[in-house]
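Below you'll find the structure, written out as structure tokens, and then a few comments.
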Amino acid sequence: MDGADRRALNASGLCSPEIKAGAKRLSDFFSKQLLWVLMVGVGVCYTDLQEIINAITFTNVVIAAIIVIGAVLARRSVAG
2 MDGADRRALN
12 ASGLCSPEIK
22 AGAKRLSDFF
32 SKQLLWVLMV
42 GVGVCYTDLQ
52 EIINAITFTN
62 VVIAAIIVIG
72 AVLARRSVAG
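Using the working numbering, read the sequence shown as starting at 2 and increasing by one per residue.
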């Protein structure tokens, strides 16, 4: 059922308010709760873990640590 079919069904008044409320709750559940599970699943499937492991070098770890330390120090100087 595409969007036009749903709009026509809704406009015809064949769906009760209870059905509409239930459909909205189900849609909200899937979009809020299961979306993250789906995104993680797709990410894991399409990510080459060996490539990520190979990217963890001493140089990259040092650069990342310096960036984090710089961000923390900058935030502290702005906040206090």
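For each residue, glycine too, the CB sits at the ideal point set by N, CA and C.
Predicted model only: the values in this text are computed from it and were never measured.
- Rounded to the nearest whole angstrom, the C-alpha separation of Gln51 and Gln34 is 29 Å.
- Non-local beta-carbon contacts of Cys16 in its own chain, meaning distances under 7 Å to residues more than five positions away in sequence, involve Leu10 in chain order.
- The DSSP-derived three-state label of Cys16 is coil.
- Annotation for Ile57: no alpha helix (DSSP H) segment contains it, and DSSP assigns it neither H nor E.
- Under the three-state reduction of DSSP, Asp6 is assigned to helix.
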